[in-house]
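Q: If you scroll down you'll find the structure; I have some questions about it.
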Amino acid sequence: MLQLVHVFYVLGALFAGAAILNARDRRWASAGIWAIIAVAMVLGDAMLAAARAGTRWPVQAMGAGVIVLGVLAQLARARPPADDHARAAARQATVARLGNRLFIPALAIPLVTFALLKGAPYLRLGSAALIDAAVPTQVALIAFGAACLVALVLALRLTRTPAFHALGESRRLIDTIGWALVLPMTLAALGSVFDKAGVGAAIADLVSAVIPTDSRLACLLVYALGMVVLTAILGNAFAAFPILTSGIGLPLLVARHGAHPAALGALGMLTGYCGTLLTPMAANFNLVPARLLELRDPYTVIRVQWPTALAMIAANIALLSLFAFG
Amino acid sequence: MISHWPLIGVAVVIAGFAIRFNPVLVVVVAGLVSGLSAGIAPGDLLALLGKAFVDSRTLMLIAMPLPVVGVLERAGLREHATTWILGFARLTLARLLIAYLALRQLLSMFGLVHVAGHAQTVRPLIAPMSEATATRMLGPLDDETRDRVRALAAATDNVGVFFGEDVFVAFGAVLLIQRFYEAKGINLSPTDIAWWALPTAIAAFVIHAARIAVFQLRLERRFARARRQRTGL
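Those protein sequences? They're chains D and C, same order as listed. Taking my numbering, I'd label the letters of the first sequence as residues 1 to 326. Taking my numbering, I'd label the letters of the second sequence as residues 1001 to 1233.
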């Protein structure tokens, strides 16, 4: 019954709300950004269906929308932080009244997600499954979306907040994150252009031109460091893995030097994750939290985590040379 | 012969980030440059951008907890998280973050990746708790220290989820690796692959926990030095 598209509709409503509230404040660039996102959320499936049927203009219009997003992101002004002290007294009062019960909705997100995830095969509404498991990888996402709504209802009832405040509050946080919230999807679009244009293949080609293929260690180092660098460029280890594993991993390490494919694959992917920790291209992990935590420099998260990433690269290379040829 | 022209797009990204243009604009321009230099027709390029953008909507799920988090913040969740955590008299910044690291790794080892995250746990709970324990240990934090403490909380979430993923339950990455090998004629079971993530998970815990401890130690030394200078001892 519940499908991922329903979660997208909810997100579409949130962004449409943020667009309207920004337009009311005459913050046109921000209003435009969230309106484009709302359209992508609500009409996305229709656009994809039309493209499959051979009608390309809707996805082309969306592509133009992505370009407009880039311009609007440059124009949008950061919102001045709301006067936090004004409501401090009201907050003190609710805290005094509710105490630890304030944690309940926050904890409901993980608990309900878990319950729905584990209960998905058994939960039914009439004859239909409560969570549509037609695409197994989507069950966790649908469960998470539903859990967020359950938590929201709990929070509104517990704090006796009128429901329309939820829209204003989510708008406040959406504007706090600002352009960083748009970046992950824009990067995914860039990734598909890179893929189509053959950027990964060009990099793998450059790398394999300089690699001394007779040295097992050299091949291993190039594969591991290549995973880090390509992941940092593409922002995603999942995109880098097939390129480097088919370019270097399989022909050189597995076929020529007899590496164990399972260990090579798992450790190679995890070495790529170290690249994710280093790059602004992995916006969801590195730039979004910087905005969400209201840090002054968007790169502070990367500045704090790069030593861990470098140490993990060394650890993974050591584990690779230990286990991949065992 | 492989064309190297599309690499201009990579150069645009690096240059754009380096001179700190708005990242969204940098990424859009890089996509256009890369696509056009590879000879993709403008109409096809627009369709490609639009389709990939819409295809990746699941990335926006990070916004799903924002309404509930906003409502709870309005009711004072962050303030309450601060007072609550200060009730644990012997808790230090390092102990708090190392415990969170362990919890996040364990949860994601069992496939529970979405139960925590920057929007639903770090901003409303872990970051204010970290700030509060750091302030109790050190005194008032300057802006730079406060930002770094918050950023360490976010980094801890990242390390926990990245290097916990896929150890006991075969999810995204393991299935991707398995399907990739299968297409190349190498048949492996997901558990064969997942098992190899365990040594890295342990290494990540040890390394990042040590870094958290060192981070705290350095802060303590710096604040102690500043106090000595202020009191003229």
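Just so it is clear, CB atoms sit at the ideal spot from N, CA and C, and this is done for glycine as well.
Do you know offhand how far Pro204 (chain D)'s Cα is from Ile174 (chain D)'s?
A: This sequence places Ala at residue 204 (chain D); Pro is not what is there. Cα to Cα, the separation comes out at about 38 angstroms.
Q: With DSSP as the reference, label Ala188 (chain D) as helix, strand or coil.
A: helix
Q: Any idea which residues DSSP pairs Arg124 (chain D) with across the strands?
A: D:Ala129
Q: Do Met227 (chain D) and Ile1207 (chain C) have their C-beta atoms within less than 8 angstroms of each other?
A: no
Q: So does the stretch 1033-1044 of chain C actually touch the stretch 156-169 of chain D, counting three or more Cβ pairs closer than 8 angstroms?
A: no
Q: Give me the chain D residues within the contact set of Glu1079 (chain C), using Cβ-Cβ distance strictly less than 7 angstroms, ordered along the chain.
A: Arg91, Val95
Q: Classify Leu1217 (chain C) as helix, strand or coil using the three-state DSSP reduction.
A: helix
Q: Looking at the structure shown, is Leu2 (chain D) part of a helix, part of a strand, or coil, going by DSSP?
A: In this structure, DSSP gives Leu2 (chain D) an extended state, which the three-state scheme calls strand.
Q: May I have the straight-line CA-CA distance separating Val229 (chain D) from Gly275 (chain D), to the nearest angstrom?
A: 6 angstroms
Q: In chain order, what residues of the same chain lie with their CB nearer than 8 angstroms to the CB of Gly191 (chain D), ignoring the 5 residues before and after it?
A: Leu234, Gly235, Asn236, Ala239
Q: Can you have a look at Val254 (chain D) and say buried or exposed, based on whether 16 or more other CB atoms are within 10 angstroms of its CB?
A: buried
Q: From this set, C:Val1028, C:Ala1089, C:Val1027, C:Gly1070, which residue's C-alpha is nearest Leu149 (chain D)'s C-alpha?
A: C:Gly1070
Q: Thr113 (chain D) to Leu141 (chain D), Cα distance in whole Å?
A: 9 angstroms
Q: Any idea what DSSP makes of Ile243 (chain D), helix, strand or coil?
A: helix
Q: Flag Val1012 (chain C) as yes if its beta-carbon sits less than 8 angstroms from any beta-carbon of chain D, otherwise no.
A: Residue contact check for Val1012 (chain C) against chain D: no CB pair falls below 8 angstroms.
Q: Please name the residue, chosen from C:Leu1091, C:Leu1188, C:Glu1220, that lies closest to Ser1130 (chain C) on a Cα-to-Cα basis.
A: C:Leu1091
Q: Against Ile1040 (chain C), what residues of chain D qualify as contacts under a CB-to-CB distance less than 9 angstroms, listed in chain order?
A: Val193, Lys196, Ala197
Q: Nearest-angstrom Cα distance between Asp214 (chain D) and Ile248 (chain D)?
A: Whole-angstrom Cα-Cα distance: 13 angstroms.
Q: At least one CB of chain C closer than 8 angstroms to the CB of Val207 (chain D): is that the case?
A: no
Q: When the distance is taken between beta carbons, is Ala1047 (chain C) closer than 8 angstroms to Gln138 (chain D)?
A: Contact: no.
Q: Assign Leu154 (chain D) to one of two classes, buried (16 or more other C-beta atoms within 10 Å of its C-beta) or exposed (fewer than that).
A: With 16 or more other Cβ atoms within 10 Å, it is buried.
Q: Looking at the unbroken alpha helix (DSSP H) that takes in Met1109 (chain C), where does it start and where does it end?
A: First-last of the alpha helix (DSSP H) with Met1109 (chain C): 1093-1109.
Q: Short check: CB of His257 (chain D) to CB of Arg296 (chain D), under 8 angstroms?
A: no
Q: CB-CB under 7 angstroms to Leu1049 (chain C), same chain, minus the five flanking residues each way: which ones, in chain order?
A: Gly1031
Q: Residues in the stretch 1169-1183 of chain C with C-beta within 7 angstroms of chain D's C-beta atoms, listed in sequence order?
A: Ala1173, Leu1176, Ile1177, Phe1180, Tyr1181
Q: At 3 residues or longer, and completely inside the stretch 16-76 of chain D: list those beta strand (DSSP E) runs for me, N to C.
A: none
Q: Using a Cβ-Cβ distance cut-off of 8 angstroms, determine whether Arg296 (chain D) contacts chain C.
A: Closer than 8 angstroms: yes.
Q: With a cut-off of 8 angstroms, does the C-beta of Phe1017 (chain C) fall near any C-beta of chain D?
A: yes
Q: Compute the Euclidean distance between the alpha carbons of Ala38 (chain D) and Arg1225 (chain C), then round it to the nearest angstrom.
A: Spanning the two alpha carbons is a distance of roughly 52 angstroms.
Q: Report back the beta-carbon spacing between Ala266 (chain D) and Ala1201 (chain C) to the nearest angstrom; my notes put them in contact at under 8 angstroms.
A: No, Ala266 (chain D) and Ala1201 (chain C) are not in contact; Cβ-Cβ is about 11 angstroms, not under 8 angstroms.
Q: What in chain D is Cβ-close to Ile1186 (chain C), meaning under 7 angstroms?
A: Pro261
Q: Can you tell me which of the three DSSP states Met281 (chain D) falls into?
A: coil
Q: Just how far apart, CA to CA, sit Ala1052 (chain C) and Gly44 (chain D)?
A: Taking the straight line from one Cα to the other gives about 11 angstroms.
Q: Which residues of the stretch 301-319 of chain D have a Cβ closer than 8 angstroms to any Cβ of chain C? Give them in chain order.
A: The stretch 301-319 of chain D vs chain C, Cβ under 8 angstroms: Val301, Arg303, Val304, Gln305, Pro307, Thr308, Ala311, Met312, Ala315, Asn316, Leu319.
Q: Would you mind telling me which residues of chain D sit closer than 8 angstroms to Arg1074 (chain C), beta carbon to beta carbon, in chain order?
A: Arg87, Arg91, Thr159, Thr161, His165, Glu169
Q: Let's test the definition: count the other Cβ atoms within 10 Å of the Cβ of Tyr1100 (chain C) and tell me whether it reaches 16, buried, or not, exposed.
A: buried
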